Amino acid sequence: MLVASGLVKHYGGVTALDGVGITLDAGEVHALVGENGAGKSTLVKIVSGVVRPEGGTLALDGAPVRFAGARHAGAQGVAIVSQELMTYDDLTVLENLFPYGAPRRRGLVSTREMRRLARPVLGALGIDPPPHARAGDLPLADRQLLEICRALLQEPRVLILDEPTSALPRDAAERLAGVVRRLAGRGLAVLYISHFLEEVMRIADRVTVLRDGRVVLPGAAAADVSLDSLVAAMLGEPEARAAVPSPNSKPAVRRRPSGAAVSLTGVTVPGLLRDVSLAVAGGEIVGLAGLQGAGHLAVLDAVCGRVRPASGSVRLPDGREPRSARHAVTSGVAFVSGDRKGRGLMLDKPLWENVTAVSWLGQGRGGFLPRRARLVDRARGHLERLRVRGDVRAGAGALSGGNQQKVVLAKWLDASPSVLALDDPTRGVDVGARAELHAIVRGLAAEGKAVLIASSDLAELVELCHRVVVFQHGRIVGSLAGARLTEPELSVAMNAGFAGRAR
Ligand SMILES: Nc1ncnc2c1ncn2[C@@H]1O[C@H](COP(=O)(O)OP(=O)(O)OP(=O)(O)O)[C@@H](O)[C@H]1O
Ligand SMILES: [Mg+2]
Numbered sequence: 005m006l007v008a009s010g011l012v013k014h015y016g017g018v019t020a021l022d023g024v025g026i027t028l029d030a031g032e033v034h035a036l037v038g039e040n041g042a043g044k045s046t047l048v049k050i051v052s053g054v055v056r057p058e059g060g061t062l063a064l065d066g067a068p069v070r071f072a073g074a075r076h077a078g079a080q081g082v083a084i085v086s087q088e089l090m091t092y093d094d095l096t097v098l099e100n101l102f103p104y105g106a107p108r109r110r111g112l113v114s115t116r117e118m119r120r121l122a123r124p125v126l127g128a129l130g131i132d133p134p135p136h137a138r139a140g141d142l143p144l145a146d147r148q149l150l151e152i153c154r155a156l157l158q159e160p161r162v163l164i165l166d167e168p169t170s171a172l173p174r175d176a177a178e179r180l181a182g183v184v185r186r187l188a189g190r191g192l193a194v195l196y197i198s199h200f201l202e203e204v205m206r207i208a209d210r211v212t213v214l215r216d217g218r219v220v221l222p223g224a225a226a227a228d229v230s231l232d233s234l235v236a237a238m239l240g241e242p243e244a245r246a247a248v249p250s251p252n253s254k255p256a257v258r259r260r261p262s263g264a265a266v267s268l269t270g271v272t273v274p275g276l277l278r279d280v281s282l283a284v285a286g287g288e289i290v291g292l293a294g295l296q297g298a299g300h301l302a303v304l305d306a307v308c309g310r311v312r313p314a315s316g317s318v319r320l321p322d323g324r325e326p327r328s329a330r331h332a333v334t335s336g337v338a339f340v341s342g343d344r345k346g347r348g349l350m351l352d353k354p355l356w357e358n359v360t361a362v363s364w365l366g367q368g369r370g371g372f373l374p375r376r377a378r379l380v381d382r383a384r385g386h387l388e389r390l391r392v393r394g395d396v397r398a399g400a401g402a403l404s405g406g407n408q409q410k411v412v413l414a415k416w417l418d419a420s421p422s423v424l425a426l427d428d429p430t431r432g433v434d435v436g437a438r439a440e441l442h443a444i445v446r447g448l449a450a451e452g453k454a455v456l457i458a459s460s461d462l463a464e465l466v467e468l469c470h471r472v473v474v475f476q477h478g479r480i481v482g483s484l485a486g487a488r489l490t491e492p493e494l495s496v497a498m499n500a501g502f503a504g505r506a507r
C-alpha cells in the first residue's frame, strides 16, 4: 500500500537515514525497531509528511506521492501518532480530537457531533476524560491515548504509531493492542515503533530493524524472528551480548540498611494520600505501584516537595522536610521523570548545560563558579557513561527521544543526590540503554542512596526493586518482595489489592 525507498536525511553532520526503504501492506501490523537514535522517528516523520527527505521516493497504491506536510499526508490517509506528545495543552479534550476543524451542523461547530464521533473511539481505548477538561491537566497516559484517538478519528488507511505505549499502564497497552489488531483486520496498514520488544512482536506480522540509519533486517516475518536475534540485529552482535541482562537479574542483597533515609509518617494529602507511612533505607530500591490515581505518584511528589502534606510528615536524609521542589533538590533529592518535555530538559540549551544545571542549584550560594570547560568535560563524562549519541555542545532538542531521556538521568548523576525519585525513568529508552540505566541505579543504591521508583513498566519494578509497595485509593494496601515479587502478582495486587491473601 505504502512503499518508501532510498530515503536519505541528514541533520547537520548527522546522517539520520542513509538509503532506507520500507513496504507497508494493507492489513498488516509492521513493527519498526532499533536502538535510540537509529532513525526510526525520522523515517516515520518522512512517511507521514512531517519531515522532507533529501533523497528517495514514496508511493501510495503504486503512484508516487510527495507530501507537502502532515496535514496533506493526513488527507491522503496517512496518520501519525508521534513520539513526543503533541497535545494542545490549553485546548479542551474535544478540541484536541478535531484539530483540523470540528464537524459542523448547519454551519455551526457541533459539540454534540464531536462527542458522538469521539465516544466509541475513546471507549475502545478505555478512557473517558471530561470532554471540556483542559488537555494539559490530564495524566500523561491519557494524553497519549488522546493522541491515538485523534489519529483514529481521521479514519486513516495507514496508521503510524511511534512508541504509543511508552507512558501507558499495562491494561491500556493491552486494549491498544486489541484495537490495532482489529484495525489491521479491517485492512489498515499499521507501522508500529516500540522498545517493548515482546509486546510489539506479539502483535506484529512483520518486523523491520534499523541500525545507524540503515535497514539491517527488512520486513521479516515476525514469527521467524526470535527476541535474541532481534536484539542482536538492533545492537550488533557483541554489544547485544554485553547489554542484555539475564532475565531475572535482581539487585544484589543490600548491605545492612543504615536507618531510614527517607520516611513518610502518617502523611495525608487531601484527595491524594491517606495516612501513608513508609520508610526507605539508604541502599534500598523501593517500588511504588498502583493504578492511575492510586496515590503512588503522590508519594514521589511529597518527597520532591511538590505537594505538602496536610498532616503527617516527610523526612529527608538531612532530617529536614521538603518545603518546596527547590528545597528538596538542595537536600539531595533527584527527580527523574519520563515526561522529559514537561519536566526534564531545556530543549534549546546545549547538552552540557542541561547536564550540569542541577548541581548548580545544589552548590548554590557561596561556591565559586566552576569554569565552563570543566563543566563541559564533566557533562561529557556522564554522557559517555550512558552512551548518549550527540555532541555535548549541541542542543538537547536535536537528540532522539531515548537519548534525551538519558540526558535527564545524566543531569541527576552530576548532582550526586542522596535520594533518587524516579517516575518512568526509562520511558522510550532502548533495551541496551535500559539495562545500562538499571545498572547505574543499582550502583547508586549500592553506594547507599535511597531509591523510590514508580513505573508503568511492571517488568522494570520487578527487575529493579527490593520490594514494591502497592497503593489503592491513596492508601498502602500491601507490599511484595522476594519470590512473590513477580509481574502477575503485582498486576493482581494493583487491581484487586491483597484482600483475603497474606501480606
Ligand atoms: N531535529 C533534529 N535535529 C538534529 N538532529 C536530529 C533531529 N532529529 C533527529 N536527529 C538525529 O537523527 C538521528 C536519528 O534520530 P531519530 O529521532 O530518528 O532516532 P530514533 O530511532 O527515533 O530514536 P529513539 O528510539 O531514541 O526515539 C539521531 O542521531 C538524532 O540525534
Ligand atoms: Mg524516536
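Following the working numbering, the numbering of the sequence shown begins with 5 at its first residue and continues without gaps. Ideal Cβ placement from N, Cα and C applies to all residues, glycine included. Here the structure is a predicted model, which means the values were calculated and not measured.
- Contiguous beta strand (DSSP E) elements confined to the region 266 to 333 occur at 277 to 285, 289 to 294, 315 to 319, taking only those with 3 or more residues.
- In this structure, DSSP gives Pro492 a helical state, which the three-state scheme calls helix.
- Along the length of the region 27 to 107, whole beta strand (DSSP E) runs at least 3 residues long occupy 33 to 37, 59 to 64, 67 to 69, 82 to 85, reported in chain order.
- In this structure, Val7 lies near Ala63, with their beta-carbon atoms less than 9 angstroms apart.
- Membership of Ala171 in any alpha helix (DSSP H) is not indicated, and neither H nor E is assigned to it by DSSP.
- Val235 and Ala314 have their alpha carbons spaced roughly 48 angstroms apart.
- A residue is called buried once 16 or more other Cβ atoms fall within 10 Å of its Cβ, and Met350, having fewer, is exposed.
- For the pair Cys153 and Leu101, the CB atoms are nearer than the 9 angstroms cut-off.
- Exclusion of Gln148 from the 8 angstroms shell around ligand 1 follows from its C-beta lying no nearer than that to any non-hydrogen atom of the ligand.
- DSSP, read as helix, strand or coil, puts Asp343 in coil.
- Relative to the non-hydrogen atoms of ligand 2, the Cβ of Ser281 never comes closer than 8 angstroms to any of them.
- Checking the 8 angstroms criterion, the Cβ of Gln87 is within range of a heavy atom belonging to ligand 2.
- Distance from the C-beta of Asp166 to the nearest heavy atom of ligand 2 is below 8 angstroms.
- Note on Leu231: under 16 other CB atoms within 10 angstroms of its CB, so exposed under the neighbour-count rule.
- Between Leu295 and Asn499 the beta-carbon gap is near 7 angstroms, inside 8 angstroms, which marks them as a contact.
- A buried status is given to Arg174, since no fewer than 16 other beta-carbon atoms sit within 10 Å of its beta-carbon.
- In the same chain as Glu493, and ignoring 5 residues on each side of it, the C-beta atoms closer than 8 angstroms to its own belong to Leu484, in chain order.
- Counting only unbroken stretches of 3 or more residues, the beta strand (DSSP E) elements lying wholly within the region 187 to 233 are 193 to 197, 210 to 215, 218 to 225, in sequence order.
- Counting only runs of 4 or more residues that sit fully inside the region 387 to 451, the alpha helix (DSSP H) segments are 405 to 418, 435 to 450, in chain order.
- Within a 10 Å sphere around the beta-carbon of Gly309 sit 16 or more other beta-carbons, which makes this residue buried.
- Here Leu351 carries a coil assignment [DSSP, helix/strand/coil].
- The three-state reading of DSSP puts Ile152 in helix, counting H, G and I together.
- Taken from the Cβ of Ile26, every heavy atom of ligand 2 lies 8 angstroms or farther away.
- For Leu142, the three-state secondary structure derived from DSSP is coil.
- Apart from the 5 residues on each side of it in sequence, Leu417 sits with its Cβ closer than 6 angstroms to the Cβ of His386 in its chain, given in chain order.
- Within the same chain, Asn40, Gly41, Val392, Arg393, Gly394 come within 7 angstroms of Asn407 by CB-CB distance, once the 5 residues on both sides are set aside.
- Taken through DSSP and simplified to helix, strand or coil, Gly385 comes out as helix.
- Proximity to Leu121 across Glu159, Leu142, Leu144, Gln87 peaks at Glu159, based on C-alpha coordinates.
- Short note on Ile197: C-beta closer than 8 angstroms to some heavy atom of ligand 2.
- Taking 8 angstroms as the upper bound for CB-CB distance, Val219 and Thr212 are in contact here, some 6 angstroms apart.
- Within a 10 Å sphere around the beta-carbon of Pro429 sit 16 or more other beta-carbons, which makes this residue buried.
- Per DSSP, Arg123 has no beta-bridge partner at all.
- In the structure shown, Arg375 falls within a coil segment according to DSSP collapsed to helix, strand and coil.
- Per the Cβ contact rule, the region 49 to 67 is not in contact with the region 174 to 185 (fewer than 3 Cβ pairs under 8 angstroms).
- Using a 10 angstroms sphere on the CB of Tyr196, the tally of other CB atoms reaches 16 or more, which defines it as buried.
- In this structure, Pro354 sits away from Arg389, with a CB-CB distance that is not shorter than 9 angstroms.
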